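Under our numbering, read the sequence shown as residues -16 to 96, first letter to last. The beta-carbon is built from N, C-alpha and C at its ideal position, and this holds for glycine as well. Fair warning: this is a prediction, and the values are worked out from it, not measured in the lab. Everything below concerns the one structure shown next.
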Amino acid sequence: MSGRAKTEKMSVTLPKELAGEIRSIAAHGEISALFTEALEYYLAHRRQKIALENGFGAWKDEDYPELATPEDTLTFINALRNADIERLKMLAPTESAASDEKSQGRRRKTRVG
C-alpha cells in the first residue's frame, strides 16, 4: 500500500506495553508500514481459517471409498506420481529418466522411515 491517495488514516487504542514494544522495533516513521504488514498477514491467515471452517465436512468418506485407509491413500498418491513420471518421459525422455531415478530414491527413503 504505497501512495497517499490509497491510504486512510485510522485511530487505534493499544495497551501501553504493546505500543512501547512496537515503537522499540519499528524504525522511526515506519509504524504504519509495520501495522500494514502485520495486518495483511493476519487478514490472509484469517481468510484462510474462515475458508477452512466453511469447507469443513465437505469431504465425505462415502464419496471416496478408494481412500478409506492410509494404504489406499498411498496407492492413490503413488499412482498420481507415476502418471507424472510417465508424462515427463514422453516430453523429455533423457531428463525424465534422471528425474525418475531421483524420485524413486526419495520415495524409497520415505517408505522405510
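- Between the C-alpha atoms of Ala34 and Tyr24 there is a straight-line separation of about 16 Å.
- Out of Glu45, Thr19, His28, Arg70, the CA that lies nearest to the CA of Lys(-8) is found in Thr19.
- Within the model, the alpha-carbon separation for Arg64 versus Thr58 is close to 10 Å.
- In the structure shown, His28 falls within a helical segment according to DSSP collapsed to helix, strand and coil.
- The three-state secondary structure of Thr56, taken from DSSP, is helix.
- Between the alpha carbons of Leu(-3) and Lys32 lies a distance of about 25 Å.
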